[in-house]
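Residue numbers (my numbering): 770 to 1136.
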């Protein structure tokens, strides 16, 4: 009966209840769910809520979600969504009935997995409310990356071996999907139904890989219930928590040893309404993974994607006007691209980035 989302929540609630009565010291609680990472698993009752919900396929879901984002004001009404990058995943219309059934059920399992996570978060919120601590607790929720779009059996270095083990040891029949003996994922088309209008998905330095939903809630924030558009990163969480707790980071040394300084900025001034942005306009923020690179300053972003996903050189996008990263402005704005590449060079030096010209995806798995 073990299910990780339930178990982690049970343990966190146990720790909260074990706090000494009357202890008014600030507490920090971290609840890192494994969900909804593959392999996709969820209790039968959670999956059942979504039976038939995705039978129209990922393209229909993508259009439905884009329309909802526009209706809710979460993206511009005239936004241009980046086209789906299929990575070999077939069109819905070209799939057999059995393939569509497996694909739709995989998405149902994913939805059930998220549903169960949401239910568990509700258990924590309910405890905080019942204990009288909710109004004195800052709750931060976010995803760690964009939706997972990898076709696992096609991944380099280890994909073929994973596929062979799944075939040998797992039961991926339709009726068993989502149960402990199955091992499934949902692929790039469903992932891009989640990341639209952004480009691509997890493992890319495009917006689809790094732009995620996030909530910060506390009645004391002036921006409570506001849909914010200020750029922030996961590195901003630690300085935010420290400021809220009235604690100071030690700087460059701690207990006689060197430590790295924090790179983030506290979000408290922004959340409290005292600032219009978390980061200064000239701040550069970089990313790199698998030879894929990006650097952002304000709404400008330089992106470097090796083939086949990009030209192998730097591209330039204005995210305010083009959140889908469709229109490359590198040729028309060379000075801006140059500014960003200067920031990129600084990012590489400050972080000790090793720029290997060969991507991990250039290697094939050994037999």
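Quick reminder that beta carbons are idealized off the backbone N, C-alpha and C, glycines included.
Check	Outcome
Backbone CA spacing between residue 1134 and residue 848 [nearest angstrom]	Low per-residue confidence applies at residue 1134: pLDDT is 41, beneath 50, and the placement is therefore not dependable enough to give any value.
Counterpart residues of residue 1070 in DSSP-defined beta bridges	1065, 1086
Beta-carbon gap between residue 878 and residue 919 smaller than 8 Å	no
Short Cβ contact (8 Å threshold) for residue 1052 with residue 1035	no
Delimiting residues of the beta strand (DSSP E) encompassing residue 1055	1054-1058
Range of the contiguous beta strand (DSSP E) that encloses residue 908	908-911
Residue 984 (DSSP reduced to helix, strand or coil)	strand
Cα-Cα separation, residue 1031 to residue 1020	8 Å
According to DSSP, residues forming a beta bridge with residue 1027	1022
Spatial distance of residue 805 from residue 887 (CA atoms)	11 Å
Sequence-distant residues of its chain with Cβ nearer than 8 Å to residue 992 (five each side left out)	1039, 1040, 1041, 1042
Residues of its chain near residue 775, where Cβ-Cβ distance is below 6 Å and the 5 sequence neighbours each way are ignored	none
Distance cut-off 7 Å: residue 1034 Cβ against heavy atoms of the ligand ADP	The ligand content of the structure shown is nil, which means the ligand ADP is not present either.
Meets three-Cβ-pair contact criterion under 8 Å: the segment 955-968 and the segment 822-829	yes
Residue range of the unbroken alpha helix (DSSP H) whose run includes residue 843	No alpha helix (DSSP H) contains residue 843, which DSSP labels as neither H nor E.
Distance, residue 946 Cα to residue 1004 Cα	36 Å
7 Å Cβ shell around residue 1136 - same chain, five flanking residues per side excluded	Reliability of the predicted coordinates at residue 1136 is poor, the pLDDT of 41 falling under 50, and the value obtained from them is presented with this limitation in mind. Nothing listed; no residue qualifies.
Alpha-carbon to alpha-carbon, residue 1022 and residue 889	38 Å
Buried or exposed (CB count within 10 angstroms, at least 16 for buried), residue 786	exposed
Run of the alpha helix (DSSP H) containing residue 1105, from where it starts to where it stops	1103-1120
Stretch pair the segment 835-842 + the segment 980-989: three plus CB contacts closer than 8 Å	no
Nearest to residue 1123 (by Cα), restricted to the options 865, 939, 1062, 1098	1062
Min CB distance residue 882 to chain D below 8 Å	Of the protein chains in this structure there is only one, and it is not chain D.
Assigned secondary structure, residue 1135 (DSSP; H/G/I helix, E/B strand, else coil)	A caution first: residue 1135 carries a pLDDT of 44, below 50, which makes its placement in the model unreliable, though a value can still be read off. Looking at residue 1135 - three-state DSSP - the assignment turns out to be coil, as it is neither helix nor strand.
4-residue-minimum alpha helix (DSSP H) runs that sit fully inside the segment 951-980, ordered along the chain	956-964, 976-979
Rounded Cβ spacing between residue 930 and residue 778 (contact assumed at less than 8 Å)	Between residue 778 and residue 930 the Cβ distance is about 33 Å, and since that is not below 8 Å, they are no contact.
Straight-line gap, residue 873 to residue 951 (C-alpha atoms, nearest Å)	15 Å
Close Cβ partners of residue 780 (< 8 Å) along its chain, the five nearest in sequence each way excluded	none
Among 908, 833, 867, 968, the one whose alpha carbon lies nearest that of residue 943	867
Proximity winner among 940, 1107, 1088, relative to residue 850 (alpha-carbon distances)	1088
Status (buried if at least 16 other CB within 10 Å, exposed otherwise) for residue 1074	buried
Rounded separation between residue 1047 and residue 908 - CA only	18 Å
Nonlocal neighbours in the same chain, by C-beta distance under 6 Å from residue 955, ignoring five residues either side	875, 876, 879
First and last residue of the uninterrupted alpha helix (DSSP H) at residue 1008	1006-1014
DSSP-derived helix/strand/coil call for residue 883	helix
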